[in-house]
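Numbering (mature numbering (1 follows the signal peptide of the UniProt record, and there is no 0)), first residue to last: -23 to -1, 1 to 356.
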C-alpha cells in the first residue's frame, strides 16, 4: 500500500527534527601552549645558593628576546647572552643573603612568546672571615720567603679554603701548602725559589664555606718578585758568617754565636729566614739580666729571639769565641754591610750547634723536612 506523499514528507520532517535535537554542540579548539621552555641554574625557588655558584638560564625550542637577573634593589647582574640567544650566564659574583629575580621574554620555534620569570636566594653567612696575603704586591724578597695566608678567625674546613688557593711562578717549582695553625696556611717550594722569579698568588676565598656558618669575605691576589739568591752559611764552629750570593762567596764576617755550653744561649741549628730588619733594635732578656739594650743593624731570623746584629762591645770575641745569648754578633761595619745586602726572606742556615730549633715560634717553614711539610696540607 502506498502512503500519501504528504504522510511521507511529514515522517521525514520528524526524523530530521529528532536528529537536530540530539546532535552535540561542536567544541572550539584551544591554542597550543608555546613550545619554548626556560631552565634555570639554580632552579627557581632555590635557597642557600652560593654567591659564586654558576648562574645560568637556557631555552629549549626557542631563544631569548630579553633576559635579566636583578637583585632586590633592582640592580642588574652582569652577564653574557650567547650568540645564538639560547643561553645566558652571569659574569660576576652575587651578594650574600640576597634575593635575585629573573625577567625577560623568550620566543619559541613556533613563534609564540612567553615570559621569563623565577627567583632564588643566596646564602646568609653567620659571619664572614677576613684574610690577608704576604708577601704583598710588588715586594722583592729572598729565595726562602714563604707565602702566608692568615685568617682573622679559625678555619674549620681547611680543605675548602686550601682548594681556593693557587700559586703560579715564572720559573715553575714543586711546592705545597701547610697549615701552621687554624688561622694560618703557608706555601713554600720543596727547594728555594729560583732567583729572579715572578710569583702570582690567587686566593679566591669569597663564597668559600669555612664551616660552622662562616664564609670567606673577599678574594685576594698578590704579585711579587724573588730577588737574587743570597744565603747566609752560619757554621757556628768556624766563628765566621759566610754570605753566598748567586752561587759565589761574597763575604766572610768574623762572628760570635751563642754560648755552646748553655742550651738557653745556643744559636740552634736550622734553616731560618730573615723576617724583619730594624736599624735599631731594643733587646730584653730578663732571664739573663739585661733589658733596654740598644743594638744596630739588626736582622731578625727567628721569633725565638735570634738576630744578626752589631755588637761592638763583644769585638774581642768576634771570629774567636761563641759567647752571645743566641744572636749572631758582628762588628758594626760588617753588620751594616750585611744589613744593607739582606732581603726579607733570605735564608740563614745554622749548622754545627749543640741544639736544633723546634718547629715553633710562628715562622718555622724551613725547619720541617719536605715530607713533614706536605703532611700539614689539608688536601
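C-beta: ideal position from N, C-alpha, C; glycine also. Here the structure is a predicted model, which is why all the values come from computation and not from measurement.
> Residues bridged to residue 307 by DSSP?
Replying inline: 287
>> For residue 45 and residue 92, what's the separation of their Cα atoms in angstroms?
In response: 11 Å
>> Using 9 Å as the threshold, is the C-beta distance between residue 297 and residue 275 below it?
In response: no
> How is residue 210 classed by DSSP in three states: helix, strand or coil?
Replying inline: strand
> For the beta strand (DSSP E) that contains residue 40, what are its first and last residues?
Replying inline: 39 to 48
> From residue 352 to residue 21, what does the alpha carbon distance come to, in whole angstroms?
Replying inline: 43 Å
> From residue 319 to residue 70, what does the alpha carbon distance come to, in whole angstroms?
Replying inline: 42 Å
> Should residue 107 be labelled buried (16 or more other beta-carbon atoms within 10 Å of its own) or exposed?
Replying inline: exposed
>> Runs of 3 residues minimum, wholly inside the segment 178 to 207: which ones carry the beta strand (DSSP E) assignment?
In response: 186 to 188, 191 to 193, 197 to 203
> Sorted by chain position, which residues of the same chain lie with C-beta nearer than 7 Å to residue 316's C-beta, five sequence neighbours on each side aside?
Replying inline: 254, 274, 276
> Under a Cβ-count criterion, where at least 16 other Cβ atoms within 10 Å of its own Cβ denotes burial, should residue 169 be classed as buried or exposed?
Replying inline: buried
>> Quick check: residue 283 and residue 238, are their CB atoms within less than 9 Å of each other?
In response: no
> Who are the near neighbours of residue 357 in its chain, counting only those whose CB is closer than 8 Å to its CB and skipping five residues on each side?
Replying inline: The question about residue 357 has no answer, for the chain in this structure spans -23 to 356.
> Do residue 328 and residue 206 come within 9 Å of each other at the CB atom, strictly closer than that value?
Replying inline: no
> Where do the N-terminal and C-terminal ends of the alpha helix (DSSP H) with residue 155 fall, by residue?
Replying inline: Element bounds for residue 155: not the alpha helix (DSSP H) but the beta strand (DSSP E), 152 to 158.
> Hey, how far is the Cα of residue 309 from the Cα of residue 124?
Replying inline: 32 Å
> Where does residue 11 sit, in a helix, a strand or coil, going by DSSP?
Replying inline: coil
>> Please classify residue 399 as buried or exposed, where buried requires at least 16 neighbouring CB atoms within 10 angstroms.
In response: Because the chain here runs from -23 to 356, residue 399 falls outside it and cannot be looked at.
>> Assuming residue 67 and residue 55 are in contact, meaning their beta carbons sit under 8 Å apart, how far apart are those beta carbons, in whole angstroms?
In response: 7 Å
> In this structure, does DSSP put residue 233 in helix, strand or coil?
Replying inline: strand
> Do residue 34 and residue 16 have their C-beta atoms closer together than 9 Å?
Replying inline: yes
> With a CB to CB cut of under 6 Å and the five nearest residues on each side skipped, what residues in its chain are close to residue 64?
Replying inline: 35
> Anyone know if the C-beta pair for residue 178 and residue 110 falls short of 9 Å?
Replying inline: yes
> Is residue 147 buried or exposed, if buried means 16 or more other CB atoms sit within 10 Å of its CB?
Replying inline: exposed
> What does DSSP give as the partner residues of residue 362 in its beta bridges?
Replying inline: Any question about residue 362 goes unanswered here, given that the chain covers just -23 to 356.
>> For a test of the three-state rule: what should DSSP assign to residue 68, helix, strand or coil?
In response: coil
> Span of the beta strand (DSSP E) holding residue 145?
Replying inline: 142 to 146
> When DSSP labels each residue in this structure, what does residue 244 get in the three-state scheme?
Replying inline: coil
> To the nearest angstrom, how far is it from the Cα of residue 100 to the Cα of residue 313?
Replying inline: 55 Å
> Taking the alpha carbon of residue 234 as the point to measure from, which residue in 299, 340, 183 has its own alpha carbon closest?
Replying inline: 299
> Which value, in whole angstroms, describes the spacing of the CA atoms of residue 172 and residue 117?
Replying inline: 11 Å
>> Taking DSSP's pairing of strands, which residues face residue 125 in a bridge?
In response: 111, 163
> residue 127 to residue 10, Cα distance in whole Å?
Replying inline: 57 Å
> Looking only at DSSP bridge pairs, what is residue 221 linked to?
Replying inline: 208, 226
>> Here's the rule: buried if 16 or more other CB atoms are within 10 angstroms of the residue's CB, otherwise exposed. What is residue 267?
In response: exposed
> If you draw a straight line from the C-alpha of residue 95 to the C-alpha of residue 138, how long is it?
Replying inline: 32 Å
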